[in-house]
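Going left to right, the sequence shown walks through residues 0 to 73 as numbering that gives the first Met the number 0 numbers them.
Beta carbons: idealized from backbone N, C-alpha and C, even for Gly.
Values in this document were obtained by computation on a predicted structure and should not be read as measured data.
Working notes for the structure below.
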Amino acid sequence: MTLSYKARKRWAIFALVVALPLYIVVTVNVIALFDRPPFVMELLIYIVLGIVWALPLKRLFMGVGRPDPDAPPE
0 MTLSYKARKR WAIFALVVAL PLYIVVTVNV IALFDRPPFV MELLIYIVLG
50 IVWALPLKRL FMGVGRPDPD APPE
């Protein structure tokens, strides 16, 4: 099932405005549950988790970055 351009755009906005901040809050709280690791390890954890959230959404963001295929030619 393929999403329309508008649907991809809406989902991308939702991912950036709602899901990403929620992911950040959950990540920080999960790290806070344990004893704080050394700075370098904590930094590495945040870098890895910062990349991991985007991998499933890569196709969504790539589709929004292109011009609307259904738009009439200018």
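- Excluding sequence positions up to five before and after S3, its CB lies within less than 8 angstroms of the CB of D69, all in the same chain and listed in chain order.
- DSSP places E73 outside both helix and strand once states are collapsed to three, so it counts as coil.
- With fewer than 16 neighbouring CB atoms inside 10 Å of its own CB, R35 falls in the exposed class.
- Contact between the stretch 23 to 35 and the stretch 4 to 11 is absent: fewer than three C-beta pairs spanning the two stretches fall below 8 angstroms.
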